[in-house]
Structure formats: structure tokens, C-alpha cells
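Okay, structure first, notes after.
2 protein chains.
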Amino acid sequence: MAGTNPLIDDRDVELICDELLGTDRLLALPYFAAHDKATFAQLIDAARTLAREALYPAYRAMDAEPPRLEAGRVHVHPKMRELYRRLVELGLCAAPRPESVGGAQVPLAITSLAAAYLMAGNLSAYGYLGLTQGAAHLLEAFGSDELRATYMTRMYAGEWTGTMALTEPQAGSSLADVATIAEAAPDGSYRLRGAKIFISAGGHDIADNIVHMALARIAGAPAGMHGVSLFCVPARRVEGDRLVDNDVAVTQVIHKIGWRGIPSVALAFGERGDCHGWLVGEPHRGIRYMFQMMNEARIMVGLNGVATASVAYHEAVAYARERTQGRPLTAAGRDAATRPVPIAQHADVRRMLLRQKAIVEGGLALLVRVAQYADLAQHATDAAERARAGLLLDLLTPVAKSFPAEYGYAANALAVQVHGGYGYSSEYLPEAWLRDQKLNSIHEGTTGIQAADLLGRRALVPGALAALGAEVAACCARARAAGVTAAWIASVERAVQTIGALTAELGARGAAGDPAAMLLHASDYLELFGIAVIAWQWLDLAAVAKAALAGPLPRGTHAPRDAAYYQAKLAAAQYWLMTDLPRIDHLVQLCRSGEDSYAALDPAWL
Amino acid sequence: MAGTNPLIDDRDVELICDELLGTDRLLALPYFAAHDKATFAQLIDAARTLAREALYPAYRAMDAEPPRLEAGRVHVHPKMRELYRRLVELGLCAAPRPESVGGAQVPLAITSLAAAYLMAGNLSAYGYLGLTQGAAHLLEAFGSDELRATYMTRMYAGEWTGTMALTEPQAGSSLADVATIAEAAPDGSYRLRGAKIFISAGGHDIADNIVHMALARIAGAPAGMHGVSLFCVPARRVEGDRLVDNDVAVTQVIHKIGWRGIPSVALAFGERGDCHGWLVGEPHRGIRYMFQMMNEARIMVGLNGVATASVAYHEAVAYARERTQGRPLTAAGRDAATRPVPIAQHADVRRMLLRQKAIVEGGLALLVRVAQYADLAQHATDAAERARAGLLLDLLTPVAKSFPAEYGYAANALAVQVHGGYGYSSEYLPEAWLRDQKLNSIHEGTTGIQAADLLGRRALVPGALAALGAEVAACCARARAAGVTAAWIASVERAVQTIGALTAELGARGAAGDPAAMLLHASDYLELFGIAVIAWQWLDLAAVAKAALAGPLPRGTHAPRDAAYYQAKLAAAQYWLMTDLPRIDHLVQLCRSGEDSYAALDPAWL
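Protein chains in written order, with numbering that gives the first Met the number 0: chain P, 0 to 605; chain B, 0 to 605.
So, in C-alpha cells, the structure goes:
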């Protein structure tokens with residue numbers, strides 16, 4: 000089975016580019032002018048090939064032999080050095096960035112599709128690249144010319160890697176409590192002292208240097224968020240033409256249950272008083288800057304979630320087609336002398352497969368759409384379009400992060416379930432992907448944090464929900480034109496209207512000075528928002544499918560497989576719109592209600 | 000944290016015995032006449048002590064060093080031999096059985112509570128005992144005097160262990176396809192040939208012999224279920240006063256992702272043509288007999304699910320009380336100079352804790368109630384009461400198995416989530432319990448099989464739903480008398496009425512000859528049934544709590560903790576009745592609908 004796992008469905012990638020989102024829109028923008036469909040396809044194809052031929056085949060070994068700390072050095076799987084070299088060769092690290100900094104001005108929508116293959120093949124391996132990209136982008140956006148020249152260029156070139164070093168043992172998700180201290184030194188740099196934890200790729204032996212983008216507090220800075228600054232803290236600092244040990248010690252490698260190809264470490268800055276850091280941007284604005292990287296990282300986590308659910312889904316489909324067991328619920332099926340059928344013939348197995356498909360493909364459509372908003376927010380020529388896309392990107396980021404984390408986890412559990420007893424064995428891969436997926440609801444802001452962020456801040460930004468409403472209305476118009484079932488369209492329209500009214504109602508509670516009442520059911524709000532947003536993706540996919548099935552097939556080369564392909568899209572759309580979308584009514588009611596069971600609960604009662 | 004985990008809340012055990020179910024009812028029955036409350040308490044207390052002092056402390060080591068196969072012998076963790084000796088000493092193995100076979104005539108309701116501690120402490124360790132009990136009970140019920148004397152007595156005594164050897168590699172859950180062959184031998188025994196897989200405790204080094212209760216087909220038997228017979232197949236057979244190798248080879252130890260203290264193995268019977276088996280009961284009735292063990296095993300799996308969720312819940316509560324991070328959503332909370340608070344102060348963390356509590360304690364109440372139905376079905380003096388209890392036991396078995404498997408898994412995932420980044424580390428135990436829990440939706444009949452069994456067979460048994468309705472009505476009367484909120488009572492009453500009407504409607508589709516239409520949404524049916532049954536438990540618990548809070552506290556020794564204890568019960572009842580129970584409306588609608596997305600899906604489309 001494993002040998003032929005496609006990781007991501009190639010046809011879905013084509014459909015997203017050509018029929019759903021339309022990359023033509025992006026190609027019309029000056030920033031992307033050097034490209035055409037062929038260069039996009041080339042990049043995606045190179046990633047796909049690397050993922051299938053090198054990353055995926057290394058996955059099991061990397062899961063089995065996690066990184067280890069020996070004499071202060073972190074050793075990762077020996078395959079990883081070569082894999083990283085090949086990942087760098089793809090040119091993805093700086094691909095979306097301007098040519099002026101060594102980039103190729105490729106849309107994020109395209110690099111996301113390329114990355115999806117790499118993540119599905121081996122999400123740990125991709126992790127090194129993704130973190131480096133985010134860290135270098137911080138230096139590009141906020142660093143001095145010197146920092147950019149010294150560090151950013153080498154990171155974009157794939158020579159050194161990067162990290163985001165936020166979390167501290169005592170503070171966890173609470174960045175206001177960052178306690179690492181930075182003392183100004185006479186040369187204009189700082190000396191850092193402090194401890195960080197859960198720093199992904201914070202130590203390894205695949206490159207010569209690691210550049211930590213670290214949050215710290217300049218000595219004497221005010222307490223809280225507004226006293227936190229951003230520093231560039233290399234593991235080895237540049238002195239003349241030498242690299243000098245910068246007093247950044249790896250004190251622990253966490254024994255993670257998944258993502259076992261990339262280390263998560265604890266770091267000690269300045270144990271010998273010799274850890275140099277360079278301020279990035281202005282003092283005390285670190286959290287603000289870091290949000291750029293965190294927002295990018297949240298989208299990356301969402302894509303990780305989709306990719307991890309995707310590879311498991313394809314494994315489950317292949318297994319369900321091959322594995323024979325039991326007989327159909329028909330008179331003939333009761334005859335034990337007949338041959339058992341593939342388990343995909345059992346309706347309940349198809350339910351588990353279709354649910355996975357709806358989560359995976361709806362999730363991928365959302366993530367690429369959000370990436371396209373990021374492209375438009377940066378590069379659209381029209382200021383109003385940039386603003387609109389920016390609103391949508393900000394609004395949808397918590398959903399794009401959490402939906403794949405939570406529903407992707409459920410999808411991965413179903414992939415194990417489809418494998419039955421074999422799914423419970425580590426000789427099959429679905430259990431490994433289930434372990435990998437579990438992190439996505441925890442890192443880069445837990446699901447609870449995403450919920451509070453969505454309802455407490457992003458959904459209340461003026462114009463945000465209106466922009467979403469306009470997008471959905473346009474989708475409904477396409478669906479209507481294509482002849483999609485009216486009830487499906489109406490259900491999505493109603494969902495978005497309901498969210499608008501609900502948000503106004505809850506926002507008023509916050510505005511009245513009671514944020515706790517507003518956020519009482521924030522997790523239900525995030526969930527219903529996610530369900531509705533995925534329903535929108537499925538309505539749009541249904542419109543594409545319906546149009547394709549009605550006319551002559553638009554892409555003759557794919558027929559006759561294509562009819563079945565589009566039929567399956569309609570089945571998944573029906574599944575999501577008829578079985579999951581109606582669940583939001585109850586969630587809306589909960590958000591409105593004063594249901595206070597856990598709010599009123601005294602923890603001492605437990 | 001770990002040192003003080005209570006595994007199961009002692010006060011809940013008291014409440015279930017004294018206030019919720021009332022063990023007095025059982026003590027009034029002749030079969031249990033030798034007992035009193037003190038002997039029950041003694042048994043539970045002995046189990047609790049063993050679980051806390053020996054089983055739980057060994058859990059981590061057994062998870063870390065799973066069984067291994069060397070030269071045909073399975074070696075389990077070296078601690079296990081001594082743990083098994085101490086488990087046997089508890090006297091639990093034969094405790095529910097009659098004195099005539101070496102038992103102690105203890106109610107299953109009591110042994111279940113005792114077992115819950117043992118499972119929560121170390122579910123693999125308990126597994127050896129539970130399987131032995133079930134296998135010996137099969138011999139007791141259907142075996143010849145000779146088989147009982149030779150095997151059953153030694154199993155009940157804890158000298159030898161037992162297994163259920165049903166599954167075969169090619170057949171999985173489809174018992175109609177059992178292909179192991181039994182040829183009659185001149186001495187009245189049989190010679191078996193065939194392969195079994197996923198046999199728990201099918202090989203180990205903690206006892207001198209293993210007695211497999213195996214399904215096989217007598218040569219020439221008809222195809223399908225009705226040609227399958229039950230055999231007693233010891234690993235070593237008794238010849239005179241010697242134990243002789245019986246040609247049962249362990250060919251593989253499965254690399255399971257959880258339950259790593261108990262091996263799951265593949266067996267080969269008769270590779271040398273010398274595997275003797277003895278027919279249990281009559282030919283071709285094996286599936287029928289095995290259902291006794293399977294039904295018992297399903298309840299055991301449900302209890303495993305509850306126990307595994309319970310130990311993780313207690314760990315999460317302790318962690319959430321100790322771990323400080325962030326500040327409350329108040330004006331004062333915005334001041335970063337104030338100290339961070341324990342995370343249990345955050346409403347969303349309490350949501351995750353209360354959800355776990357609702358699942359764990361609602362599940363425990365259900366499992367003990369079902370065990371009490373088993374006691375009454377066997378030992379009530381009134382025939383009508385025996386029949387009624389038997390109907391309820393049969394009806395609720397799939398729910399008692401699946402609810403803890405599915406919702407317990409969600410609860411275990413929440414325990415990981417509460418631990419944040421630490422939850423993703425194998426240095427904390429929640430991830431291990433999450434792995435353990437995953438098996439419960441797969442073994443002893445997958446959740447899909449339980450769904451088909453509930454809706455396709457058990458719920459349609461005449462009188463079954465009426466018996467459930469009467470139980471719930473009695474609970475509602477208690478709740479009304481205690482002054483429980485009328486809306487809570489009404490919601491449970493309505494849920495049970497809805498289930499009755501829905502079942503009649505779906506049953507009619509089956510009776511009309513369309514079982515596929517009846518079972519189209521069987522998984523939704525199982526889910527809504529489970530939610531409603533747990534709502535009934537919480538209504539009953541609320542009635543107990545309300546009564547206790549209204550009057551002078553019935554058990555003076557517990558005050559003043561008791562008021563908080565009962566308040567928490569009301570909070571969990573509110574949570575379940577107001578947030579989960581309303582979800583059934585949508586599920587009912589789905590069951591009624593012809594929503595056929597996955598039913599109509601051609602697997603070739605995927």
C-alpha cells in the first residue's frame with residue numbers, strides 16, 4: 000500500500016489552481032509577472048517528486064529514530080542532512096520573497112500546494128525549511144541591513160536554519176510573562192540570559208548555524224507584552240570571517256510523541272554570560288513583529304494538519320479497497336459461501352472515508368484560498384482589494400489553523416479505525432500520522448487560544464465579516480449558475496448570516512465590558528465558524544463539479560476518470576452540507592445561551 | 000503529580016453504591032446472602048490498594064518495555080509475574096461465580112468497581128485476569144465436567160490463564176469466515192489446524208499454561224456462522240500428570256501502540272499436526288456460546304474505556320490546579336505585574352476538565368448499572384425482574400462498550416490538551432493513556448459493528464425499549480422529587496421518547512425488507528443513543544446531588560467537602576444535559592433522512 004500513496008491528490012491540485020481559485024488572477028499582477036502556469040506547475044511537480052521519492056520513503060526511519068542529545072550536541076536522523084540539501088535545492092525557502100532578497104516572487108498559493116506534498120511526505124523534514132523561511136522573513140521585514148546581510152541571506156539560501164524562540168518553561172503560551180533578559184552591551188548588541196523550551200529545530204547537525212528569533216525583555220523594560228523585544232540570537236555568531244560559539248546551550252531534547260524527525264529542545268541563553276543578541280526593529284515591539292511569523296506559522300500548521308490527514312486518508316482508501324472482509328447487507332450477502340468483499344463496500348467504511356475526504360479536501364481548498372488572500376493582501380494593485388484580502392486573511396487564520404488541527408485529528412483517527420486491528424500496530428503508518436497530528440492543536444497557539452483570538456479580536460474587526468459575506472455570496476452565485484441544489488446554497492447563506500448576527504450579539508457583550516460573557520462559548524464559536532467555512536469550500540467545489548459534469552468536460556485529457564472524480568466531489572459536498580453544517584444551529588444556540596456549567600464551576604469542586 | 004493520582008474517585012464509588020444504585024437491593028437476594036456492605040467495601044478496598052501501590056507504579060515501565068518473542072517464547076515485562084500473583088490473590092477472578100466452582104458470589108456491580116481501579120492503574124495487567132475469567136466462565140457454562148475439572152478450576156484459581164481466540168488474519172471481524180479446521184480424532188478430541196491473530200495474552204511467561212477458547216470449523220461443517228464450533232485448546236495439554244506441548248505456536252508479537260504490558264499475538268495451531276482441542280458444548284454452536292464471552296468482554300472494554308479516561312482526567316485536574324499560566328479576563332488580569340494564575344482558572348480549561356468529568360463519571364455510572372442488570376438478570380428471585388434486567392443488559396451492552404471507547408478517547412485527548420506542550424511529551428503519561436484508549440473502538444467489535452448490532456438487532460427486541468423507558472421514567476420521578484430543574488428532566492424524557500419513535504420508524508424499514516436503509520445512519524443512531532443514556536445517568540446523579548444538598552448531608556463524615564462534591568455533580572449534569580444532549584436532535588434527523596452521500600458513493604470514485 001505504502002509505496003503508492005500519492006500524499007496529495009494531483010487532480011485536486013489542478014482543480015484548485017484551474018477551476019476553483021484561478022491562478023490567472025495572480026498571474027495578472029505585476030509582482031508575479033515573471034511567471035506563468037508552466038513555472039507554477041514545474042515548482043509543484045518538483046516538490047511532488049521530491050516528496051514521493053525521497054521524503055516519504057524516509058518517514059518511517061525518522062519516526063523510529065528520533066533526535067538525541069549527546070555531549071551538548073543534537074544529532075538528528077542521518078538521512079536528514081541530505082534531505083535538507085534537496086529541500087533547499089527546490090528553492091522553496093525564499094520562493095515567495097522578492098527577487099531583491101534572493102526570492103522568486105512565487106505566490107503563496109502555489110508554494111502552499113508544493114509544501115503540502117512535502118509535509119504529507121514527511122512533515123518533520125519540511126519543518127526545518129518552514130521555520131527557516133519564517134525566521135528569515137522576520138529579519139527581512141524588521142531587521143537592520145547588517146542583520147539581513149549577515150543572517151537572512153544565508154537562511155534564505157538554505158545555508159543556515161532558523162527558529163522561533165518564544166516559549167519559556169514558566170510562561171507557556173503567556174508571552175506577557177517572557178522573562179529572558181537582554182542587557183545592552185557597549186557595542187550596540189545585547190547579552191541574553193534565560194531559558195526557552197519547545198524550540199523546534201533548536202539544535203541539530205544538518206547545517207552550520209541556527210539563527211534563533213527570540214523574545215526577551217530588555218533590562219528595565221515594563222512588565223507584560225509591551226516590554227518584550229525581538230532579538231536575533233545565532234547559535235554561533237559571526238566575528239570577522241569566523242563563526243564563534245554564542246553561548247546558546249541545548250539543555251534537553253523533548254521526547255515528543257510525534258514529529259520525531261525534528262527535535263524540540265530546551266535552550267539556555269547565556270549560561271557563561273556570553274550570549275550575544277541583536278535587537279530586531281525597535282525595543283518593546285517584539286510581540287508585534289513576532290505576530291508576522293506566528294500568523295505565517297499558524298497557516299503552516301493548518302497546512303500540516305491537512306497534509307497529515309491527507310496522507311492517512313489515501314492510505315485508508317487503498318486499504319479499504321484491498322482488504323476483504325464480510326459481505327453486503329443483501330439476501331445474497333447472507334450466503335457465507337460467497338466471497339467476502341472489500342471493506343470499502345460497507346457503507347459505514349465509506350462513511351469513514353468520505354468524512355476524511357471532506358475534511359482533507361475542504362481543508363486544502365481553505366488553506367490555499369487563505370494563501371491566495373495573503374498574496375492579494377501584499378501584491379494586488381488595487382488598494383481596496385489589498386485591504387479586503389488582508390481582512391479575510393486575518394479573519395480566517397485561526398480557522399485555517401484550528402480546523403485542520405481538530406478535524407484533521409478526527410480524520411487521522413478514522414484512518415486508524417478503517418485499518419482495524421492493523422491500525423493499532425506500529426507496523427502500519429496511520430498511527431504515526433495520528434501522533435503527528437496531535438501537536439497541531441497545541442503548538443502555535445492552542446485551539447483555546449485560537450478561539451479567543453477569533454471571537455475576541457478578529458471577527459470584531461470592522462469589515463471583516465462583511466468581506467467574508469461577500470466572498471460567500473459570490474460563491475453562492477457561482478453555485479446557483481452551475482445548478483447546485485438550492486437547499487445546499489441556502490444552507491450556506493443562512494450559516495453566514497447567522498454568524499454575522501451571532502458575532503454582533505456577542506461583540507456587544509464584550510463592548511458592554513463583560514469579555515468573559517462574550518468568550519464563554521468561544522470554543523463553540525470557533526467550531527461553528529470552522530464548519531461553516533468548510534461548508535463554503537464544499538459549496539464552491541460543488542459548483543465546480545456541477546459545471547464540469549453539465550458541460551463537455553473542460554479538460555478532455557482526464558475523461559473518463561473525471562466524471563467519477565466530480566461525482567465524488569458532489570458526494571463529499573452533500574456529506575458536509577447535510578451532516579456537519581446543520582450542527583452549527585446547536586452551537587449557535589450555545590454561544591447565545593448563558594449556559595455556564597464550566598464558567599461557574601469552582602476548580603476546587605473537582 | 001503522578002504519585003497521588005487516585006485512579007478512580009473513592010467518593011464516586013461510595014455514591015454509586017450507597018446513593019445511586021443502592022447495593023442493598025442486591026444484598027437482599029439469596030445468591031449474595033453471604034455478603035454485606037463490609038465485605039463489598041473490603042474487596043473494593045483491596046483492589047484500590049493494589050492498584051495504587053503496585054499496578055500504577057509499574058505502568059510506565061510496562062509501557063516502555065513491551066513483550067518480545069524470542070525463540071518461540073513470549074517474554075512479558077518481568078514485573079508482570081508478581082503482579083499477576085497479587086491480582087490472583089485478590090480473589091477477583093472467580094469472585095462473581097458460584098461457590099460450587101470456587102467463586103465467592105460477589106455481584107458484578109461490585110467486582111466492576113474493584114476492576115475499575117485495577118484497569119485505571121494498569122489496564123494491561125488487568126487484561127490477563129479479565130480474559131482468564133471470561134474463558135473460564137465459558138468452560139463453566141458449556142464445557143464438559145472433565146474440561147471444567149482439568150482447565151476451568153485451574154483458571155479460576157489463577158494457576159493458568161485464558162484467551163479468546165476468534166480472529167483470523169483473513170477474516171477480521173467476520174466470524175462467518177473462520178477457517179481453522181478441527182478434525183475428529185479417535186479419542187473423542189479434535190486435531191486443529193489454522194491461524195489466529197490479535198490474540199491478547201496468547202503467549203507469555205507469567206503462568207504455566209494458557210487455555211485458548213478457540214473458534215474452529217469441524218471438517219465438513221457448513222459455511223458461515225452456523226458451521227463454527229467452540230474448542231478448548233490449551234498451549235500445553237494434560238496427559239496424566241504431565242503437561243505436554245500442544246503444538247500451539249506463537250508466530251508473531253504485534254507491535255501495538257498501547258496496552259503494551261499485554262502481548263497481542265498471532266498463533267498457529269497444528270503446524271506439526273499435533274494440536275489437540277476439545278469441543279465445548281455441541282458442534283456448530285460456537286458463535287452462540289462465544290457471545291457469552293463477547294458480551295462480557297464488551298462490558299469489560301467499556302469499563303477499560305472509563306478507567307483509562309478516569310486516570311487521565313485525574314492527572315489533568317491535578318496539573319490544571321498546579322500549573323500557573325496567564326491571567327483572568329478581568330481588568331486586573333490585564334496587569335502583567337500580577338502573578339499568573341493556575342490554568343484551572345481559565346474557563347476554557349475548566350470546559351475541558353468538566354467534559355472529561357462528565358464522560359468519566361457518567362460512563363462509570365452506566366457501566367456499574369449495566370453490571371447490576373447482569374446481576375439481576377442472573378440472580379433476581381422474581382422471573383419478571385430477571386427478564387427485565389436481561390433485556391436492559393442486552394440493549395445497553397453496545398452502548399456501554401462504545402460510549403467509553405469513543406467519548407473516552409475524546410476525553411483522553413483533552414487530558415493531553417490540558418497539559419499543553421508537556422502533554423505531547425512521553426515524559427508525561429496522558430499520551431500513553433491516549434494510545435491505550437484507541438484500541439477500545441476496535442477490539443471486541445468495532446464501533447461500526449456495535450452500531451449495527453444495536454440498531455439492527457438489540458433495540459428491536461420486543462420490550463427492550465419499553466424496559467429502558469421504565470427505568471428512565473423512574474429516574475425522572477426521583478429527579479422531580481429531589482427538585483431537579485424541570486427542563487433537565489423534560490429533556491431526558493423527550494430524548495427517550497424520541498428514541499422510541501425513531502427506532503420504530505427505522506425498524507419498519509428493516510421489516511419492509513430494506514436493512515440497508517434501516518442501518519444507513521446506524522453510527523449516528525449509536526451516538527445519539529449513547530448521549531441519551533449518559534444523560535439519564537447524569538439526571539440520576541443530579542437527583543442524588545440535589546437531594547443531598549437540600550437536606551442535612553446524609554453522610555456527616557464527608558462534610559464539608561461534600562457540598563462542593565455535589566455542586567460539581569450538578570455542574571457536570573448541567574454541562575451534559577445542556578450541551579451534549581441537544582445534539583441528538585440533529586442526529587435523529589439524520590437517521591430519519593435519506594441522506595445517502597456515503598451510501599450512494601461508489602468506492603471507485605474515491
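Every residue gets a Cβ at the ideal spot worked out from N, C-alpha and C, and that includes glycine.
These numbers come from a predicted model, not from an experiment.
Is it buried or exposed, residue i, if we count other Cβ atoms within 10 angstroms and call 16 or more buried?
i: Thr179/P; result: buried
i: Ser635/B; result: The question about residue 635/B has no answer, for chain B in this structure spans 0 to 605.
i: Glu270/B; result: exposed
i: Phe290/B; result: exposed
i: Glu314/B; result: buried
i: Arg591/P; result: exposed
i: Lys356/P; result: buried
i: Ser522/B; result: buried
i: Ala1/B; result: Only weak support is given to the placement of Ala1/B: the predicted model assigns it a pLDDT of 42, under 50, and the value that follows is read from those uncertain coordinates. Ala1/B is exposed by the Cβ-count criterion.
i: Arg479/P; result: exposed
i: Arg153/B; result: buried
i: Val359/B; result: buried
i: Leu505/B; result: buried
At a threshold of 7 Å, does residue i count as lining the ligand GDP (C-beta to nearest heavy atom)?
i: Ile286/B; result: By its list of ligands, the structure shown contains no ligand whatsoever, and the ligand GDP lies outside what it can speak to.
Considering Cα atoms alone, identify which of the options is closest to residue i.
i: Glu167/B; options: Leu68/B, Ala213/B, Ser490/B and Phe31/B; result: Ala213/B
i: Gly462/B; options: Pro282/B, Leu390/B and Ala194/B; result: Leu390/B
i: Gln169/P; options: Ala346/B, Val73/B and Pro339/B; result: Pro339/B
i: Ala489/B; options: Leu42/B, Ala531/B, Ala135/B and Gly157/B; result: Ala531/B
i: Arg184/P; options: Leu454/P, Val100/P and Asp273/P; result: Arg is not the amino acid found at residue 184/P; the sequence shown has Ala there. Out of Leu454/P, Val100/P and Asp273/P, Asp273/P has the C-alpha closest to the C-alpha of Ala184/P.
i: Leu138/P; options: Ala115/P, Trp277/P and Ala27/P; result: Trp277/P
i: Asp435/P; options: Ala409/P, Gln449/P and Ala135/P; result: Ala409/P
i: His418/P; options: Ala399/B, Ile441/B, Glu430/B and Trp432/B; result: Ile441/B
i: Arg287/P; options: Leu165/P, Leu459/P, Ala572/P and Val348/P; result: Leu165/P
i: Tyr58/P; options: Leu82/P, Glu69/P, Gly71/P and Leu600/P; result: Leu82/P
Express the C-alpha separation of residue j and residue i in angstroms, rounding to a whole number.
i: Thr110/P; j: Asp579/P; result: 30 Å
i: Ala335/P; j: Ala32/B; result: 48 Å
i: Glu145/P; j: Pro282/P; result: 17 Å
i: Tyr427/B; j: Tyr30/B; result: 45 Å
i: Val237/P; j: Met151/P; result: 13 Å
i: Val415/P; j: His585/P; result: 29 Å
i: Asp17/P; j: Phe39/P; result: 12 Å
i: Arg84/B; j: Gly157/B; result: 8 Å
i: Ile342/B; j: Ala319/B; result: 5 Å
i: Thr445/B; j: Val398/B; result: 12 Å
i: His74/B; j: Asp204/B; result: 6 Å
i: Cys475/P; j: Leu467/P; result: 12 Å
i: Ile261/B; j: Leu68/B; result: 12 Å
Just confirm the distance between the C-beta atoms of residue i and residue j, as a whole number of angstroms; I'd bet it's less than 8 Å.
i: Ala265/P; j: Val247/P; result: Not quite, the Cβ-Cβ distance comes to about 11 Å (not below 8 Å), so this is no contact.
i: Phe402/B; j: Leu453/B; result: Actually they do not touch by this definition, with Cβ atoms about 11 Å apart.
i: Gln536/P; j: Leu365/P; result: 5 Å
i: Leu174/P; j: Phe230/P; result: Wrong, their Cβ atoms sit about 14 Å apart, outside the cutoff.
i: Tyr423/B; j: Leu54/P; result: Not really, about 22 Å apart at Cβ, beyond 8 Å.
i: Tyr565/B; j: Ala547/B; result: 5 Å
i: Leu25/B; j: Asp374/B; result: 6 Å
i: Tyr127/P; j: Ala50/P; result: Between Ala50/P and Tyr127/P the Cβ distance is about 15 Å, and since that is not below 8 Å, they are no contact.
Mind listing, in chain order, the continuous alpha helix (DSSP H) runs of no fewer than 4 residues lying wholly within the stretch 75–108 of chain P? Counting only unbroken stretches of 4 or more residues, the alpha helix (DSSP H) elements lying wholly within the stretch 75–108 of chain P are 78–88, in sequence order.
Alpha helix (DSSP H) runs contained entirely in the stretch 456–541 of chain B, provided each spans 4 or more residues: Counting whole runs of 4 or more residues, the stretch 456–541 of chain B contains the alpha helix (DSSP H) stretches 463–481, 485–510 and 514–518.
What runs of the alpha helix (DSSP H), each 4 residues or longer, lie entirely inside the stretch 405–457 of chain B? DSSP runs (the alpha helix (DSSP H)) wholly in the stretch 405–457 of chain B: 419–422, 429–437 and 446–455.
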